[in-house]
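Participant:
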Amino acid sequence: QQQVKQSPQSLIVQKGGISIINCAYENTAFDYFPWYQQFPGKGPALLIAIRPDVSEKKEGRFTISFNKSAKQFSLHIMDSQPGDSATYFCAAVNQAGTALIFGKGTTLSVSS
Amino acid sequence: GAVVSQHPSRVICKSGTSVKIECRSLDFQATTMFWYRQFPKQSLMLMATSNEGSKATYEQGVEKDKFLINHASLTLSTLTVTSAHPEDSSFYICSARVAGNTIYFGEGSWLTVV
């Protein structure tokens, strides 16, 4: 089934804390997993992405952890800042690149 | 990084008229582009996938005669909302796929039908 389940729906984190968002997929045909950040009224911006042959990818304060056997992946935002407050979407892309399925999104609020 | 441009960013049209939204890949060729619709505080809903030179593939429940998609070149896809009605008011977003399945999004277009 083409579905990506994302949790939590909303998240409040103190400034400097770690934000963690989780996603799970069912279809093993997915082989590219991007995370997007979206601010109100704007299109989603590609944040970081991972392929299933890698268990972890880090870019600055953002880290993706990937568990292929469990079909789960997560986004960790270290040292969260108020400017990180946005909606985050995980997604999965099939091997042919013809389908991009989004999770339902997580609204992150980082309090100062 | 790759840039996807959408135009117009905001448009208001009268009920019953048609409106066209353009999606351009500015510094790369995109054989595949996606069109999404997003309601406030909700996720993006895939409407259709367009491939250059062929007919678009529409998701279930999306009226292909109402939402006309044309992908005439490797850098341009258009979405035309025909005979628009107030319920078509929404945020429409396009995205384009580059090699390696990286997908970039445009800034979105707000459509208001009055």
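As you go down the protein sequences, you meet chains W and R in turn.
Every letter in the first sequence is one number past the one before it in the working numbering, and letter 1, counting from 1, is 1.
Every letter in the second sequence is one number past the one before it in the working numbering, and letter 39, counting from 1, is 151.
All residues carry an ideal CB built from backbone N, CA and C; glycine is no exception.
These figures come from a predicted structure and were not determined experimentally.
Give every residue of the same chain whose Cβ lies closer than 7 Å to the Cβ of Ala92(W), excluding the five residues on either side of it in the sequence, and list them in chain order.
Facilitator: Result list for Ala92(W): Val4, Tyr25, Phe30, Phe33, Ile101, in chain order.
Participant: Looking only at its chain, what residues have a beta carbon closer than 7 Å to the beta carbon of Ile205(R), apart from the 5 residues adjacent to it on each side?
Facilitator: Closer than 7 Å at Cβ, skipping near neighbours: Tyr148, Gln150, Leu156, Phe217, Gly218, Gly220.
Participant: Quick one, are the C-beta atoms of Leu188(R) and Arg136(R) less than 7 Å apart?
Facilitator: Contact: yes.
Participant: From Gly165(R) to Pro82(W), what distance separates their C-alpha atoms?
Facilitator: If you take the alpha carbons of Gly165(R) and Pro82(W), they lie about 44 Å apart.
Participant: Grab the span of the beta strand (DSSP E) containing Lys178(R) for me, first residue to last.
Facilitator: Premise fails: Lys178(R) is in no beta strand (DSSP E) and is neither H nor E.
Participant: Expressed to the nearest angstrom, what Euclidean distance is found between the alpha-carbon atoms of Gln1(W) and Ala70(W)?
Facilitator: Because Gln1(W) carries a pLDDT of 49, less than 50, the predicted location of this residue cannot be relied on, and the following value inherits that uncertainty. When rounded, the distance between both Cα atoms is 16 Å.
Participant: State the Cα-Cα distance for the pair Leu75(W) and Asn182(R), rounded to the nearest angstrom.
Facilitator: Answer to the nearest angstrom: the Cα atoms are 35 Å apart.
Participant: State yes or no: is the C-beta of Ser7(W) within less than 7 Å of the C-beta of Asn27(W)?
Facilitator: Result no, Cβ atoms of Ser7(W) and Asn27(W) do not sit closer than 7 Å.
Participant: Could you check whether Thr190(R) and Lys132(R) sit closer than 7 Å to each other, using their CB atoms as the reference points?
Facilitator: Yes, they are a contact pair.
Participant: Return no unless some Cβ of chain W is closer than 7 Å to the Cβ of Thr161(R).
Facilitator: Thr161(R) counts as touching chain W.
Participant: Alpha carbon to alpha carbon, how far is Ala208(R) from Val110(W)? Give it in angstroms, no decimals.
Facilitator: Straight-line Cα distance between these residues: approximately 31 Å.
Participant: Answer with yes or no whether the minimum CB distance from Leu100(W) to chain R is below 7 Å.
Facilitator: So yes, Leu100(W) belongs to the interface.
Participant: Anything in the stretch 35-49 of chain W with a Cβ closer than 8 Å to a Cβ of chain R? List those residues in chain order, please.
Facilitator: Answer in chain order: Tyr36, Gly41, Lys42, Gly43, Pro44, Ala45, Leu46, Ala49.
Participant: Using a beta-carbon distance cut-off of less than 9 Å, what residues from the stretch 72-86 of chain W approach chain R?
Facilitator: Those would be none; no residue qualifies.
Participant: Excluding the 5 residues flanking Ala49(W) on each side, which residues of the same chain have their C-beta closer than 6 Å to its C-beta?
Facilitator: Same-chain partners within the cutoff: Pro34.
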